[in-house]
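Take a look at the structure below.
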Amino acid sequence: MSETLLLALDQGTTSTRAILFDGRGKAIAEAGKPLEQHYPADGWVEHDAAEIFQASVEVLKAAVQKAGRAMAEVTAIGITNQRETVVIWDKATGEPIHKAIVWQDRRTAPTCERLRAAGHEARVSETTGLLLDPYFSGTKIAWMLDEVPGARARAAAGELLCGTMDAWVIWKLTGGRVHATDATNASRTLLFDLKTQAWSAEMLDLLDVPAALLPQVLDCAADYGAADAGLLGAAVPIRGVAGDQQAALMGQGCVKAGEMKATYGTGCFMLVNTGEFLAPSRARLLTTVAARLGGRPTYALEGSIFIAGAALQWINEGLGVASGGSGVEALAQTARPDHGVVLVPAFTGLGAPWWDADARGALFGLTRDAGLAEIAQAAFDACALQTRDLIEAMRADAPQAFGAGVELRIDGGMSRSAWFSQRLADLTGVAVGRASYQETTALGAALFAGLGAGVYATVEEAASARPATERYDPALNAHAREGAYARWLDAVARVRTQT
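For the sequence shown, the UniProt record's numbering gives the first residue as 1, with consecutive numbering after it.
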(Lines of atoms letter the chains of each structure in order from A; the text may use other names.)
(Lines give C-alpha, C1' and ligand atoms only; values in the text may rest on other atoms or scores of the structure.)
Protein backbone atom coordinates (compact mmCIF):
# COMPACT_ATOMS: atom_id res chain seq x y z
CA MET A 1 0.00 0.00 0.00
CA SER A 2 2.92 2.37 0.65
CA GLU A 3 3.56 2.44 -3.13
CA THR A 4 0.00 3.55 -3.81
CA LEU A 5 -0.08 7.17 -4.96
CA LEU A 6 -3.25 9.18 -4.45
CA LEU A 7 -3.34 12.68 -5.91
CA ALA A 8 -5.71 15.16 -4.26
CA LEU A 9 -6.89 18.35 -5.92
CA ASP A 10 -8.08 20.90 -3.34
CA GLN A 11 -9.83 23.68 -5.23
CA GLY A 12 -10.40 26.32 -2.56
CA THR A 13 -11.68 29.87 -2.33
CA THR A 14 -8.31 31.60 -2.37
CA SER A 15 -6.06 28.98 -3.97
CA THR A 16 -5.94 25.76 -5.93
CA ARG A 17 -3.59 23.11 -4.54
CA ALA A 18 -2.61 19.53 -5.16
CA ILE A 19 -1.09 17.11 -2.65
CA LEU A 20 0.32 13.68 -3.45
CA PHE A 21 -0.25 11.06 -0.73
CA ASP A 22 0.83 7.49 -0.32
CA GLY A 23 -1.62 4.76 0.67
CA ARG A 24 -0.97 5.32 4.37
CA GLY A 25 -2.11 8.93 4.20
CA LYS A 26 1.37 10.43 4.27
CA ALA A 27 1.86 13.59 2.21
CA ILE A 28 4.74 13.27 -0.25
CA ALA A 29 4.66 16.55 -2.20
CA GLU A 30 2.37 19.49 -2.85
CA ALA A 31 1.95 22.46 -5.14
CA GLY A 32 -0.36 25.45 -5.09
CA LYS A 33 -1.40 28.55 -6.95
CA PRO A 34 -3.32 31.58 -5.62
CA LEU A 35 -6.71 32.41 -7.10
CA GLU A 36 -7.60 35.93 -8.15
CA GLN A 37 -10.73 37.36 -6.54
CA HIS A 38 -13.13 39.55 -8.53
CA TYR A 39 -15.48 42.04 -6.83
CA PRO A 40 -17.63 43.62 -9.57
CA ALA A 41 -20.08 45.22 -7.12
CA ASP A 42 -20.67 45.55 -3.39
CA GLY A 43 -21.35 42.08 -1.98
CA TRP A 44 -20.53 40.36 -5.26
CA VAL A 45 -17.65 37.85 -5.47
CA GLU A 46 -16.58 36.04 -8.62
CA HIS A 47 -13.87 33.66 -9.85
CA ASP A 48 -12.58 32.99 -13.34
CA ALA A 49 -13.50 29.33 -13.96
CA ALA A 50 -10.98 29.08 -16.80
CA GLU A 51 -8.25 30.25 -14.43
CA ILE A 52 -9.35 27.60 -11.93
CA PHE A 53 -9.09 24.82 -14.48
CA GLN A 54 -5.72 25.95 -15.77
CA ALA A 55 -4.39 26.17 -12.22
CA SER A 56 -5.78 22.69 -11.49
CA VAL A 57 -3.82 21.16 -14.34
CA GLU A 58 -0.66 23.02 -13.35
CA VAL A 59 -0.70 22.03 -9.67
CA LEU A 60 -1.61 18.40 -10.36
CA LYS A 61 1.40 18.09 -12.64
CA ALA A 62 3.68 20.09 -10.32
CA ALA A 63 2.94 17.99 -7.22
CA VAL A 64 3.83 14.76 -9.04
CA GLN A 65 6.95 16.31 -10.53
CA LYS A 66 8.08 17.58 -7.10
CA ALA A 67 7.82 14.03 -5.79
CA GLY A 68 10.06 12.83 -8.61
CA ARG A 69 7.33 10.48 -9.82
CA ALA A 70 5.57 9.98 -13.14
CA MET A 71 1.88 10.75 -13.61
CA ALA A 72 1.37 7.18 -14.87
CA GLU A 73 2.31 5.94 -11.37
CA VAL A 74 -0.66 7.74 -9.76
CA THR A 75 -3.37 5.30 -8.72
CA ALA A 76 -6.24 7.78 -8.69
CA ILE A 77 -7.21 11.44 -8.34
CA GLY A 78 -9.54 12.75 -5.63
CA ILE A 79 -11.17 16.19 -5.91
CA THR A 80 -12.44 18.48 -3.17
CA ASN A 81 -13.72 21.99 -3.67
CA GLN A 82 -15.30 25.16 -2.37
CA ARG A 83 -18.81 23.81 -2.27
CA GLU A 84 -21.39 26.37 -3.39
CA THR A 85 -19.42 28.28 -6.03
CA VAL A 86 -21.06 27.61 -9.41
CA VAL A 87 -20.51 28.21 -13.13
CA ILE A 88 -22.49 27.73 -16.36
CA TRP A 89 -20.68 26.86 -19.57
CA ASP A 90 -21.28 26.14 -23.26
CA LYS A 91 -21.06 22.38 -23.70
CA ALA A 92 -19.87 22.68 -27.31
CA THR A 93 -17.03 25.14 -26.72
CA GLY A 94 -16.34 24.56 -23.01
CA GLU A 95 -16.40 28.32 -22.46
CA PRO A 96 -18.12 29.76 -19.35
CA ILE A 97 -20.95 32.15 -20.14
CA HIS A 98 -20.14 34.21 -17.02
CA LYS A 99 -17.57 34.20 -14.27
CA ALA A 100 -18.23 31.67 -11.51
CA ILE A 101 -20.33 33.11 -8.69
CA VAL A 102 -18.62 32.40 -5.36
CA TRP A 103 -20.31 31.02 -2.24
CA GLN A 104 -19.64 34.34 -0.46
CA ASP A 105 -21.64 36.30 -3.04
CA ARG A 106 -24.82 38.02 -1.80
CA ARG A 107 -26.39 39.25 -5.06
CA THR A 108 -29.36 36.89 -4.84
CA ALA A 109 -30.43 38.03 -1.36
CA PRO A 110 -33.56 39.75 -2.76
CA THR A 111 -34.60 36.50 -4.47
CA CYS A 112 -34.17 34.57 -1.23
CA GLU A 113 -36.12 37.17 0.71
CA ARG A 114 -38.95 37.07 -1.85
CA LEU A 115 -39.17 33.28 -1.61
CA ARG A 116 -39.04 33.44 2.17
CA ALA A 117 -41.78 36.06 2.30
CA ALA A 118 -43.91 33.83 0.07
CA GLY A 119 -43.65 31.08 2.69
CA HIS A 120 -41.37 28.66 0.86
CA GLU A 121 -38.53 28.27 3.36
CA ALA A 122 -40.11 25.49 5.43
CA ARG A 123 -40.58 23.33 2.36
CA VAL A 124 -37.08 24.15 1.09
CA SER A 125 -35.59 23.11 4.43
CA GLU A 126 -37.68 19.94 4.59
CA THR A 127 -36.51 18.88 1.11
CA THR A 128 -32.91 20.10 0.97
CA GLY A 129 -31.89 20.52 4.63
CA LEU A 130 -30.82 24.09 3.84
CA LEU A 131 -32.08 27.62 4.42
CA LEU A 132 -33.09 30.16 1.80
CA ASP A 133 -29.83 32.04 1.55
CA PRO A 134 -27.71 33.35 -1.34
CA TYR A 135 -24.86 31.25 0.07
CA PHE A 136 -26.20 28.23 -1.82
CA SER A 137 -25.90 27.56 -5.57
CA GLY A 138 -29.48 27.39 -6.85
CA THR A 139 -30.32 31.08 -6.91
CA LYS A 140 -26.90 31.83 -8.41
CA ILE A 141 -27.69 29.55 -11.36
CA ALA A 142 -31.05 31.25 -11.89
CA TRP A 143 -29.41 34.67 -11.75
CA MET A 144 -26.96 33.81 -14.54
CA LEU A 145 -29.74 32.38 -16.69
CA ASP A 146 -31.77 35.57 -16.22
CA GLU A 147 -28.98 38.13 -16.52
CA VAL A 148 -26.69 36.74 -19.24
CA PRO A 149 -28.28 37.65 -22.60
CA GLY A 150 -29.73 34.61 -24.34
CA ALA A 151 -28.79 32.20 -21.56
CA ARG A 152 -32.29 30.89 -20.87
CA ALA A 153 -32.94 30.23 -24.55
CA ARG A 154 -29.59 28.46 -24.88
CA ALA A 155 -30.34 26.38 -21.78
CA ALA A 156 -33.75 25.41 -23.18
CA ALA A 157 -32.02 24.35 -26.42
CA GLY A 158 -29.71 22.05 -24.47
CA GLU A 159 -26.58 24.06 -25.23
CA LEU A 160 -25.47 24.80 -21.66
CA LEU A 161 -24.27 22.87 -18.61
CA CYS A 162 -23.69 23.98 -15.05
CA GLY A 163 -22.00 22.74 -11.94
CA THR A 164 -20.00 23.46 -8.86
CA MET A 165 -16.22 23.56 -9.20
CA ASP A 166 -15.83 19.80 -8.89
CA ALA A 167 -18.18 19.21 -11.84
CA TRP A 168 -16.47 21.92 -13.89
CA VAL A 169 -12.99 20.52 -13.34
CA ILE A 170 -14.13 16.92 -13.96
CA TRP A 171 -15.82 17.92 -17.23
CA LYS A 172 -12.71 19.75 -18.40
CA LEU A 173 -10.23 17.08 -17.24
CA THR A 174 -12.16 14.35 -19.02
CA GLY A 175 -12.46 16.33 -22.24
CA GLY A 176 -16.20 16.81 -21.80
CA ARG A 177 -16.90 13.10 -21.47
CA VAL A 178 -18.14 13.19 -17.86
CA HIS A 179 -20.61 15.68 -16.40
CA ALA A 180 -20.94 14.59 -12.79
CA THR A 181 -20.85 15.77 -9.21
CA ASP A 182 -21.04 13.93 -5.90
CA ALA A 183 -23.86 13.83 -3.39
CA THR A 184 -22.14 16.15 -0.88
CA ASN A 185 -21.77 18.95 -3.41
CA ALA A 186 -25.26 18.33 -4.78
CA SER A 187 -26.64 18.69 -1.25
CA ARG A 188 -25.41 22.32 -1.14
CA THR A 189 -27.32 23.59 -4.16
CA LEU A 190 -30.90 24.06 -2.81
CA LEU A 191 -31.90 21.69 -5.64
CA PHE A 192 -31.22 18.24 -4.16
CA ASP A 193 -33.70 16.09 -2.26
CA LEU A 194 -31.90 14.55 0.71
CA LYS A 195 -34.40 11.72 1.05
CA THR A 196 -34.60 10.58 -2.57
CA GLN A 197 -30.94 11.44 -3.27
CA ALA A 198 -31.92 13.00 -6.58
CA TRP A 199 -32.48 16.43 -8.04
CA SER A 200 -35.85 17.73 -6.81
CA ALA A 201 -38.33 18.64 -9.54
CA GLU A 202 -40.14 20.79 -6.98
CA MET A 203 -37.03 22.81 -6.10
CA LEU A 204 -35.98 23.11 -9.74
CA ASP A 205 -39.39 24.55 -10.53
CA LEU A 206 -39.34 26.89 -7.51
CA LEU A 207 -35.93 28.33 -8.42
CA ASP A 208 -36.53 28.16 -12.19
CA VAL A 209 -33.50 25.99 -12.98
CA PRO A 210 -33.76 23.55 -15.95
CA ALA A 211 -32.86 19.97 -15.01
CA ALA A 212 -30.94 19.47 -18.27
CA LEU A 213 -28.21 21.80 -17.01
CA LEU A 214 -27.33 19.68 -14.02
CA PRO A 215 -24.68 16.98 -13.62
CA GLN A 216 -25.27 13.35 -12.74
CA VAL A 217 -24.97 12.74 -9.00
CA LEU A 218 -22.55 9.96 -8.03
CA ASP A 219 -21.14 8.57 -4.79
CA CYS A 220 -18.11 10.15 -3.12
CA ALA A 221 -16.09 7.11 -4.19
CA ALA A 222 -17.05 6.31 -7.78
CA ASP A 223 -15.93 6.24 -11.39
CA TYR A 224 -15.67 9.84 -12.63
CA GLY A 225 -13.82 8.87 -15.77
CA ALA A 226 -10.15 9.58 -16.34
CA ALA A 227 -8.17 12.73 -16.90
CA ASP A 228 -7.22 13.19 -20.53
CA ALA A 229 -3.66 12.00 -21.12
CA GLY A 230 -3.04 15.07 -23.25
CA LEU A 231 -3.58 17.28 -20.20
CA LEU A 232 -1.68 15.45 -17.48
CA GLY A 233 0.59 13.11 -19.43
CA ALA A 234 -1.33 10.00 -18.42
CA ALA A 235 -4.99 8.95 -18.26
CA VAL A 236 -5.30 8.96 -14.47
CA PRO A 237 -8.65 7.70 -13.07
CA ILE A 238 -10.74 10.16 -11.05
CA ARG A 239 -12.24 8.08 -8.27
CA GLY A 240 -13.17 10.38 -5.37
CA VAL A 241 -15.09 13.65 -4.97
CA ALA A 242 -16.42 15.55 -1.93
CA GLY A 243 -17.11 19.13 -0.93
CA ASP A 244 -14.43 20.66 1.26
CA GLN A 245 -16.07 20.31 4.67
CA GLN A 246 -17.23 16.76 3.99
CA ALA A 247 -13.76 15.88 2.72
CA ALA A 248 -12.34 17.25 5.97
CA LEU A 249 -14.88 15.13 7.89
CA MET A 250 -13.43 12.09 6.12
CA GLY A 251 -9.86 13.32 6.60
CA GLN A 252 -10.57 13.54 10.33
CA GLY A 253 -11.90 9.98 10.33
CA CYS A 254 -15.42 11.03 11.30
CA VAL A 255 -17.19 8.17 9.52
CA LYS A 256 -19.50 6.99 12.31
CA ALA A 257 -22.51 8.60 13.94
CA GLY A 258 -21.47 10.97 16.74
CA GLU A 259 -18.01 11.68 15.35
CA MET A 260 -17.53 15.38 14.73
CA LYS A 261 -14.97 17.87 13.53
CA ALA A 262 -14.45 21.62 13.60
CA THR A 263 -12.18 23.61 11.30
CA TYR A 264 -10.96 26.89 12.76
CA GLY A 265 -9.98 29.48 10.19
CA THR A 266 -11.34 33.00 9.82
CA GLY A 267 -14.62 31.46 10.93
CA CYS A 268 -15.40 27.90 11.91
CA PHE A 269 -17.23 25.05 10.18
CA MET A 270 -18.41 22.27 12.45
CA LEU A 271 -20.07 19.01 11.37
CA VAL A 272 -21.33 16.02 13.32
CA ASN A 273 -21.94 12.75 11.52
CA THR A 274 -25.48 11.53 12.25
CA GLY A 275 -25.11 8.27 10.33
CA GLU A 276 -28.19 7.18 8.39
CA PHE A 277 -30.40 9.43 10.54
CA LEU A 278 -31.49 12.48 8.55
CA ALA A 279 -31.82 14.93 11.42
CA PRO A 280 -34.14 17.89 10.87
CA SER A 281 -32.82 20.87 12.79
CA ARG A 282 -34.89 22.93 15.19
CA ALA A 283 -31.91 25.22 15.78
CA ARG A 284 -31.57 26.26 12.11
CA LEU A 285 -28.47 24.20 11.60
CA LEU A 286 -27.98 22.74 8.14
CA THR A 287 -28.76 19.10 7.40
CA THR A 288 -26.44 17.85 4.69
CA VAL A 289 -24.94 14.72 3.15
CA ALA A 290 -21.84 13.61 5.05
CA ALA A 291 -20.92 11.04 2.39
CA ARG A 292 -22.54 8.61 -0.01
CA LEU A 293 -20.88 5.25 -0.56
CA GLY A 294 -22.30 2.22 -2.30
CA GLY A 295 -25.43 4.23 -3.02
CA ARG A 296 -26.14 4.69 0.70
CA PRO A 297 -26.00 8.20 2.13
CA THR A 298 -24.93 9.16 5.61
CA TYR A 299 -25.85 12.58 6.92
CA ALA A 300 -24.44 15.38 9.03
CA LEU A 301 -25.57 18.45 10.89
CA GLU A 302 -23.49 21.52 10.08
CA GLY A 303 -23.12 24.81 11.87
CA SER A 304 -20.93 27.78 11.13
CA ILE A 305 -19.31 30.40 13.32
CA PHE A 306 -18.76 33.65 11.44
CA ILE A 307 -15.85 34.91 13.54
CA ALA A 308 -13.20 32.57 15.00
CA GLY A 309 -9.60 33.35 14.03
CA ALA A 310 -10.82 36.74 12.82
CA ALA A 311 -11.35 37.71 16.48
CA LEU A 312 -7.63 37.22 17.09
CA GLN A 313 -6.90 39.27 13.99
CA TRP A 314 -9.03 42.07 15.47
CA ILE A 315 -7.03 41.95 18.69
CA ASN A 316 -3.83 42.00 16.64
CA GLU A 317 -4.72 44.76 14.19
CA GLY A 318 -7.47 46.68 15.93
CA LEU A 319 -5.96 46.79 19.40
CA GLY A 320 -2.31 46.81 18.36
CA VAL A 321 -1.10 43.49 19.79
CA ALA A 322 2.03 42.53 17.86
CA SER A 323 3.18 39.19 16.42
CA GLY A 324 -0.16 38.04 15.00
CA GLY A 325 -2.03 35.15 16.55
CA SER A 326 0.98 33.93 18.52
CA GLY A 327 1.30 37.33 20.17
CA VAL A 328 -2.39 37.35 21.07
CA GLU A 329 -2.08 33.85 22.52
CA ALA A 330 0.97 34.74 24.61
CA LEU A 331 -0.90 37.76 25.97
CA ALA A 332 -4.06 35.71 26.65
CA GLN A 333 -2.12 33.28 28.81
CA THR A 334 -1.21 36.10 31.21
CA ALA A 335 -4.85 37.01 31.95
CA ARG A 336 -6.05 37.04 35.54
CA PRO A 337 -7.97 33.90 36.54
CA ASP A 338 -11.74 34.39 36.80
CA HIS A 339 -11.56 37.85 35.21
CA GLY A 340 -15.13 37.60 33.90
CA VAL A 341 -14.53 39.50 30.65
CA VAL A 342 -16.72 38.28 27.76
CA LEU A 343 -16.24 39.20 24.11
CA VAL A 344 -19.12 38.55 21.71
CA PRO A 345 -17.39 38.87 18.31
CA ALA A 346 -20.54 39.54 16.31
CA PHE A 347 -18.66 41.80 13.92
CA THR A 348 -20.75 40.55 11.00
CA GLY A 349 -23.70 39.23 12.98
CA LEU A 350 -24.19 35.91 14.73
CA GLY A 351 -24.23 32.57 12.91
CA ALA A 352 -25.73 29.29 14.05
CA PRO A 353 -27.69 28.71 16.16
CA TRP A 354 -28.64 32.37 16.66
CA TRP A 355 -28.82 33.59 13.05
CA ASP A 356 -28.95 37.29 13.83
CA ALA A 357 -27.38 39.23 10.96
CA ASP A 358 -27.91 42.58 12.70
CA ALA A 359 -26.24 41.70 16.02
CA ARG A 360 -22.94 43.48 16.61
CA GLY A 361 -19.91 42.77 18.75
CA ALA A 362 -19.54 43.88 22.35
CA LEU A 363 -17.35 43.50 25.44
CA PHE A 364 -18.89 42.77 28.83
CA GLY A 365 -17.56 42.43 32.34
CA LEU A 366 -14.88 45.12 32.13
CA THR A 367 -13.48 46.30 35.46
CA ARG A 368 -10.73 48.76 36.35
CA ASP A 369 -8.11 46.02 36.46
CA ALA A 370 -9.15 44.41 33.16
CA GLY A 371 -6.73 44.96 30.32
CA LEU A 372 -5.60 43.66 26.96
CA ALA A 373 -4.65 40.27 28.40
CA GLU A 374 -8.19 39.63 29.62
CA ILE A 375 -9.68 40.83 26.31
CA ALA A 376 -7.26 38.58 24.39
CA GLN A 377 -8.27 35.56 26.46
CA ALA A 378 -11.93 36.47 25.94
CA ALA A 379 -11.34 36.33 22.16
CA PHE A 380 -10.08 32.74 22.41
CA ASP A 381 -12.86 31.86 24.82
CA ALA A 382 -15.45 33.26 22.40
CA CYS A 383 -14.35 30.67 19.83
CA ALA A 384 -14.71 27.89 22.40
CA LEU A 385 -18.06 29.14 23.70
CA GLN A 386 -19.51 29.52 20.20
CA THR A 387 -18.40 25.94 19.60
CA ARG A 388 -20.33 24.92 22.70
CA ASP A 389 -23.40 26.68 21.27
CA LEU A 390 -23.13 24.44 18.21
CA ILE A 391 -22.53 21.30 20.27
CA GLU A 392 -25.63 22.00 22.37
CA ALA A 393 -27.73 22.64 19.25
CA MET A 394 -26.46 19.46 17.60
CA ARG A 395 -27.04 17.45 20.75
CA ALA A 396 -30.65 18.69 20.85
CA ASP A 397 -31.24 17.88 17.17
CA ALA A 398 -29.58 14.44 17.17
CA PRO A 399 -29.28 13.17 20.77
CA GLN A 400 -28.75 9.60 19.63
CA ALA A 401 -25.50 10.64 17.91
CA PHE A 402 -23.95 11.84 21.17
CA GLY A 403 -22.86 8.89 23.24
CA ALA A 404 -20.29 8.59 25.99
CA GLY A 405 -16.73 9.47 25.09
CA VAL A 406 -17.63 11.89 22.29
CA GLU A 407 -14.60 13.73 20.88
CA LEU A 408 -14.36 16.91 18.84
CA ARG A 409 -11.62 16.58 16.21
CA ILE A 410 -10.14 19.91 15.19
CA ASP A 411 -7.98 21.35 12.46
CA GLY A 412 -7.25 24.77 11.00
CA GLY A 413 -5.00 27.58 12.14
CA MET A 414 -6.16 27.91 15.74
CA SER A 415 -5.84 24.17 16.34
CA ARG A 416 -2.05 24.50 16.07
CA SER A 417 -2.17 25.95 19.58
CA ALA A 418 -1.99 23.35 22.34
CA TRP A 419 -3.18 26.00 24.80
CA PHE A 420 -6.32 26.76 22.77
CA SER A 421 -6.98 23.05 22.27
CA GLN A 422 -7.03 22.57 26.05
CA ARG A 423 -9.12 25.71 26.55
CA LEU A 424 -11.61 24.39 24.00
CA ALA A 425 -11.92 21.10 25.88
CA ASP A 426 -12.32 22.93 29.19
CA LEU A 427 -15.07 25.30 28.04
CA THR A 428 -17.07 22.80 25.97
CA GLY A 429 -16.73 19.87 28.36
CA VAL A 430 -15.89 17.66 25.37
CA ALA A 431 -12.59 15.90 24.69
CA VAL A 432 -10.66 17.47 21.82
CA GLY A 433 -8.55 15.57 19.29
CA ARG A 434 -6.04 17.82 17.54
CA ALA A 435 -4.99 16.67 14.06
CA SER A 436 -1.25 16.16 13.70
CA TYR A 437 -1.62 16.75 9.95
CA GLN A 438 -3.58 19.88 9.12
CA GLU A 439 -4.46 19.36 5.46
CA THR A 440 -7.42 17.16 6.30
CA THR A 441 -9.52 18.39 3.36
CA ALA A 442 -7.03 17.19 0.75
CA LEU A 443 -6.43 14.02 2.75
CA GLY A 444 -10.16 13.26 2.75
CA ALA A 445 -10.30 13.65 -1.04
CA ALA A 446 -7.36 11.26 -1.37
CA LEU A 447 -9.01 8.71 0.93
CA PHE A 448 -12.25 8.82 -1.07
CA ALA A 449 -10.19 8.29 -4.23
CA GLY A 450 -8.49 5.33 -2.57
CA LEU A 451 -11.90 3.84 -1.77
CA GLY A 452 -13.07 4.38 -5.32
CA ALA A 453 -9.91 2.79 -6.71
CA GLY A 454 -10.13 -0.27 -4.44
CA VAL A 455 -7.05 0.64 -2.39
CA TYR A 456 -9.20 0.43 0.76
CA ALA A 457 -11.89 -2.20 1.18
CA THR A 458 -14.04 -0.20 3.60
CA VAL A 459 -14.54 3.37 4.72
CA GLU A 460 -13.20 2.38 8.14
CA GLU A 461 -9.98 1.13 6.55
CA ALA A 462 -9.65 4.37 4.62
CA ALA A 463 -10.24 6.45 7.74
CA SER A 464 -7.59 4.50 9.62
CA ALA A 465 -4.99 5.83 7.17
CA ARG A 466 -5.21 9.31 8.67
CA PRO A 467 -2.42 10.44 11.02
CA ALA A 468 -2.93 10.19 14.77
CA THR A 469 -4.47 12.97 16.83
CA GLU A 470 -3.36 14.46 20.13
CA ARG A 471 -6.11 14.27 22.75
CA TYR A 472 -7.06 16.95 25.28
CA ASP A 473 -9.53 16.04 28.02
CA PRO A 474 -11.54 18.66 29.94
CA ALA A 475 -9.68 19.70 33.09
CA LEU A 476 -11.81 22.65 34.24
CA ASN A 477 -14.32 21.84 36.98
CA ALA A 478 -17.96 21.78 35.95
CA HIS A 479 -18.90 24.75 38.17
CA ALA A 480 -16.39 27.05 36.49
CA ARG A 481 -17.30 25.78 33.04
CA GLU A 482 -21.03 26.30 33.50
CA GLY A 483 -20.42 29.73 35.01
CA ALA A 484 -18.43 30.78 31.96
CA TYR A 485 -21.17 29.50 29.66
CA ALA A 486 -23.90 31.28 31.62
CA ARG A 487 -21.97 34.56 31.29
CA TRP A 488 -21.62 33.92 27.57
CA LEU A 489 -25.34 33.26 27.06
CA ASP A 490 -26.18 36.42 29.00
CA ALA A 491 -23.81 38.45 26.81
CA VAL A 492 -25.24 36.99 23.60
CA ALA A 493 -28.76 37.84 24.75
CA ARG A 494 -27.68 41.46 25.21
CA VAL A 495 -26.37 41.89 21.63
CA ARG A 496 -29.16 40.06 19.82
CA THR A 497 -31.65 42.10 17.83
CA GLN A 498 -33.88 39.13 16.96
CA THR A 499 -35.40 36.84 19.61
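We put the CB at the ideal spot given by N, CA and C, even for glycine.
Which value, in whole angstroms, describes the spacing of the CA atoms of residue i and residue j?
i           : j           : result
residue 96  : residue 306 : 31 Å
residue 497 : residue 450 : 48 Å
residue 195 : residue 127 : 7 Å
residue 502 : residue 371 : As displayed, the chain neither begins before 1 nor continues past 499, which places residue 502 out of reach and without an answer.
residue 188 : residue 83  : 7 Å
residue 18  : residue 59  : 5 Å
residue 402 : residue 258 : 5 Å
residue 35  : residue 244 : 16 Å
residue 483 : residue 278 : 33 Å
residue 292 : residue 254 : 14 Å
residue 230 : residue 66  : 20 Å
residue 353 : residue 271 : 13 Å
residue 362 : residue 89  : 45 Å
residue 411 : residue 460 : 20 Å
residue 406 : residue 344 : 27 Å
residue 281 : residue 397 : 6 Å
residue 400 : residue 102 : 35 Å
residue 24  : residue 221 : 17 Å
residue 551 : residue 143 : The structure shown does not extend to residue 551, since the chain is modelled only from 1 through 499, so no value can be given for it.
residue 365 : residue 338 : 11 Å
residue 124 : residue 130 : 7 Å
residue 273 : residue 494 : 32 Å
residue 434 : residue 228 : 38 Å
residue 33  : residue 56  : 9 Å
residue 267 : residue 283 : 19 Å
residue 81  : residue 185 : 9 Å
residue 440 : residue 489 : 32 Å
residue 147 : residue 202 : 23 Å
residue 16  : residue 86  : 16 Å
When we look at the beta-carbon of residue i and count the other beta-carbons within 10 Å, is it buried (16 or more) or exposed?
i           : result
residue 149 : exposed
residue 43  : exposed
residue 14  : exposed
residue 1   : Low confidence applies here, because residue 1 scores a pLDDT of 47, under 50, leaving its location unreliable; read the following figure in that light. When all chains shown are included, residue 1 counts as exposed.
residue 456 : buried
residue 295 : exposed
residue 316 : buried
residue 479 : exposed
residue 263 : buried
residue 5   : buried
residue 215 : buried
residue 93  : exposed
residue 256 : exposed
residue 11  : buried
residue 30  : buried
residue 492 : buried
residue 251 : buried
residue 386 : buried
Do residue j and residue i have their beta-carbon atoms positioned less than 8 Å apart in this structure?
i           : j           : result
residue 224 : residue 209 : no
residue 91  : residue 176 : yes
residue 346 : residue 359 : yes
residue 300 : residue 290 : yes
residue 452 : residue 76  : yes
residue 161 : residue 179 : yes
residue 505 : residue 64  : Because the chain is modelled from 1 through 499, residue 505 falls outside the range shown and cannot be assessed.
residue 197 : residue 297 : yes
residue 376 : residue 442 : no
residue 487 : residue 342 : yes
residue 181 : residue 163 : yes
residue 238 : residue 170 : yes
residue 165 : residue 28  : no
residue 232 : residue 71  : yes
I believe residue i touches residue j by the beta-carbon criterion, under 8 Å. Please report the beta-carbon distance rounded to the nearest angstrom.
i           : j           : result
residue 418 : residue 473 : Incorrect: roughly 13 Å between the Cβ atoms, too far for contact.
residue 285 : residue 302 : 6 Å
residue 275 : residue 207 : Not a contact, Cβ separation roughly 30 Å.
residue 183 : residue 217 : 6 Å
residue 213 : residue 155 : 6 Å
Given 7 Å as the limit, tell me if residue i has its C-beta closer than that to any heavy atom belonging to the ligand FAD.
i          : result
residue 74 : With respect to the ligand FAD, the structure shown offers nothing to examine, as it has no ligands at all.
Exercise for the section: Could you pull out every unbroken alpha helix (DSSP H) segment of at least 4 residues lying fully inside the stretch 310-339, listed in chain order? Expected result: Restricting attention to alpha helix (DSSP H) runs no shorter than 4 residues, the stretch 310-339 encloses them at 324-332, ordered along the chain.
Exercise for the section: Tell me the start and end of each unbroken beta strand (DSSP E) in the stretch 66-108 that is at least 3 residues and wholly inside, in chain order. Expected result: If we require 3 residues or more, the beta strand (DSSP E) runs fully inside the stretch 66-108 come out as 76-81 and 86-90.
Exercise for the section: Report the residue ranges of all alpha helix (DSSP H) runs contained in full by the stretch 106-173; include only those spanning at least 4 residues, in chain order. Expected result: 109-117, 121-128, 138-147, 151-156 and 165-173
Handout entry: Secondary structure, alpha helix (DSSP H): runs of 4+ residues fully inside the stretch 401-472
Key = 418-428, 440-452 and 459-463
Practice task
Let me know the alpha helix (DSSP H) ranges lying completely inside the stretch 168-256, each 4 residues or longer, listed in chain order.
Solution key: 183-186, 201-207, 229-232 and 244-251
Practice task
Any chance you could list the alpha helix (DSSP H) runs of at least 4 consecutive residues sitting entirely within the stretch 470-497, in chain order?
Solution key: For the stretch 470-497, whole alpha helix (DSSP H) runs of length 4 or above, ordered along the chain, are 478-495.
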